[in-house]
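Quick notes on the structure that follows.
Residue numbers (the numbering used here): 49 to 598.
And the structure:
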C-alpha cells in the first residue's frame with residue numbers, strides 16, 4: 049500500500065470523535081444519606097432472612113440450587129458467597145446420578161451443570177447423554193420443553209475444548225429457540241429473546257441482574273421477599289456507584305485534559321461503566337475508581353497516537369514514557385506536556401497510598417504495562433502514518449498489546465488490597481486466561497471499530513491485514529475473528545475450572561468480567577466506546593440513573 053503522504057513523517061491524522069453524552073450530569077449528583085440509611089437497615093434485616101433460607105438443613109438439593117441460581121441472577125449472591133460456595137461444594141461431592149431419577153428433567157440437569165461449572169467444578173457432560181440419540185444428536189422430542197432448551201442453551205456457553213455434545217447443544221438449541229420465540233408467552237418469551245442476543249455467561253453481571261429482576265417479577269413461582277430485597281440492594285449499590293462516578297468525573301474535569309486536547313475522546317463515564325462491569329461489589333470501591341481513571345488515561349494516550357500525533361512527536365513521547373521522569377516534560381511538544389504530567393502525577397499520588405499498605409509493587413507492574421502499551425501504540429502509528437500494512441501475524445503480536453488489557457488487568461488488581469505480589473508476577477508471565485482476554489479485547493474491538501475507522505480514512509489494520517494475507521472478504525475476516533474470540537472464551541472456561549484454577553478465584557472473575565464488558569460493548573459490529581449513543585447509553589442509564597420503585 050502506498051504511503052498516505054510523501055511527507056508522512058510530519059503528517060497529522062485528523063479525527064472527529066462524538067462529544068461526551070453526559071456533560072456535568074454526574075458531577076452534580078447529590079445522594080440522600082437518610083435514604084441510604086433506610087435502605088441499609090432494610091437490606092440487613094432481609095439478608096438474615098435469606099441466609100436462613102439458604103442454610104436451612106432440611107431443604108432438598110434441587111430447591112437449594114434453584115435458590116442459589118435465583119440469588120445469583122438477581123445480583124444479591126455476593127452477600128452469601130461463603131454459604132453458596134459451601135453448598136455447591138457439598139452438592140458436587142454427592143456425585144448425583146442424574147440418569148435414572150425422574151425429578152432430574154433437562155431444565156434441572158442443565159441448571160446444575162451450569163452452576164457447578166460457574167463455581168469451578170468440572171462436572172461431566174455425560175449427564176446430557178439421555179437426551180441424545182445413538183449418533184450423539186439431541187432428540188427432537190426436547191423441542192417441546194422450552195425451559196429445558198433455554199437452560200441447556202445457557203449451559204452450553206460453559207463448554208471446554210472437545211466437548212462436542214455441548215457444541216451440538218448450542219447449535220441445536222439456538223436454532224430451535226429462534227424458531228419458537230414468536231409463539232411463546234411472557235415471561236418465557238422475554239427470557240428466550242434476551243438469551244439469544246445476550247447469553248448469560250457472556251453478559252455483564254450487573255446488567256443481567258437488572259434484567260432478571262423484571263423478568264422474575266412475572267414468574268408464577270416468584271418469591272416476593274426476594275424481589276423486594278433485590279430491588280433495595282440494587283438501589284443501594286447504585287447510590288454508591290453514583291458517588292464513585294461523581295468523584296472520578298470531578299477528578300477528570302479538574303484535570304482539564306479535554307480542554308487542552310480537543311482531539312481526544314471524552315469518555316470518563318464510559319470508563320467508569322467499564323470498571324463497574326469488572327467489579328460491582330461494595331468492597332471493590334477503590335478498585336473501580338482506580339481502574340476507571342486508568343482506562344481514561346490510556347484512552348487519551350491511544351487518541352494521541354491514533355488521531356493526532358506525528359511520527360516525530362510520538363517518537364519523543366514514547367521515549368519519555370520509557371524514561372518515566374518529569375525531567376522529560378521540557379523535551380515534549382507543548383500539547384503533550386499536560387498529558388505526560390497527569391500520568392506521572394496519577395501514579396505518584398497512588399504510589400503513596402500503596403506504600404502505606406506495603407504494596408508499592410502494584411504500581412510497578414501497572415506502569416510497566418503502560419510503557420509496553422506506549423511502545424505498541426507507536427508501532428501501530430508508524431504502520432498507519434507510513435501507510436504500511438503488516439502481515440496478520442506481525443499485527444497480532446502488537447495488537448494484543450494495544451488491546452490495552454495488558455495494562456487494564458494489572459490496573460484492576462492495583463486497587464484490590466488482597467492482590468499480592470505473586471498475583472502480579474503470575475500475570476506478567478502471560479497465563480492462558482490472560483492471553484485469551486487480550487485476544488477477545490483485540491479482535492472484538494477490531495470488528496466493532498472497522499466501519500468507523502474506514503469512514504475516517506484510517507487503515508483498519510487488523511481486518512485489512514487478515515484479508516490481504518488470506519485473500520478473503522471483510523465478512524470472512526470478521527467471521528474468523530469471531531471464531532477466534534469464541535475459542536478464547538473456551539480457553540477461559542477451561543482456566544476457570546479447578547484444579548487448573550490458580551488461586552484467587554476473585555481475581556479470575558475480574559478477568560472474566562473484563563471479557564464480558566468487551567463482548568457487550570462491541571458484539572454487534574459496533575464500537576460502543578467511541579460511539580456510545582446507541583450501545584452504551586441505555587446500559588449506563590440502567591446501571592447508574594434508573595432506580596427501581598420500592
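From the three backbone atoms N, C-alpha and C, an ideal C-beta is built for every residue, glycine too.
Each of 224, 563, 78 was checked against the Cα of residue 486, and the nearest Cα belongs to 563. For residue 598, the number of other beta carbons within 10 angstroms of its own is below 16, and it is reported as exposed. Between residue 200 and residue 173, the C-beta gap is not smaller than 7 Å, which leaves the two residues out of contact. Taking a contact to require three or more Cβ pairs closer than 8 Å, the region 221 to 240 and the region 190 to 197 qualify as touching. The three-state reading of DSSP puts residue 180 in strand, counting E and B together. Look at the beta carbons and you see the region 377 to 393 not touching the region 426 to 435: under three pairs across the two are nearer than 8 Å. Scanning the region 207 to 281 from its first residue to its last, the whole alpha helix (DSSP H) runs of 4-plus residues come out as 212 to 228, 236 to 245, 253 to 264. The distance from the Cβ of residue 203 to that of residue 257 is about 19 Å, inconsistent with a contact at the 8 Å cut-off. By the beta-carbon neighbour count (other beta carbons within 10 angstroms, threshold 16), residue 518 is exposed. Bridge pairing for residue 186: 180 [DSSP]. For residue 323, the closest alpha carbon among the candidates 500, 78, 461 is that of 461. In the three-state scheme derived from DSSP, where H, G and I count as helix and E and B as strand, residue 412 is classed as helix. By the neighbour-count definition (other C-beta atoms within 10 Å, threshold 16), residue 245 is an exposed residue.
Only buried fits residue 376, as 16 or more other CB atoms lie within 10 angstroms of its CB.
Note on the region 462 to 513: whole alpha helix (DSSP H) runs with a minimum of 4 residues are 469 to 476, 480 to 503, in chain order. A buried status is given to residue 171, since no fewer than 16 other beta-carbon atoms sit within 10 Å of its beta-carbon. Check the Cα spacing between residue 301 and each of 68, 285, 558: the tightest is with 68.
In terms of Cβ geometry, residue 284 and residue 91 form a close pair [threshold 7 Å]. For residue 438, the three-state secondary structure derived from DSSP is coil. Selection 381, 372, 405 evaluated against residue 395 yields 372 as nearest (Cα-Cα). The Cβ-Cβ distance between residue 509 and residue 443 falls below 7 Å. Closest in C-alpha terms to residue 141, from the list 591, 565, 160, comes 160. Under a 10 Å Cβ-count criterion, residue 103 is classified as exposed, with fewer than 16 other Cβ atoms of the shown protein chains found around its own Cβ. Excluding residues up to 5 positions away in sequence, 264 lie with their Cβ nearer than 7 Å to the Cβ of residue 270 in the same chain.
Within the region 330 to 385, the complete alpha helix (DSSP H) segments of 4 residues or longer fall at 333 to 355, 359 to 371, listed in chain order.
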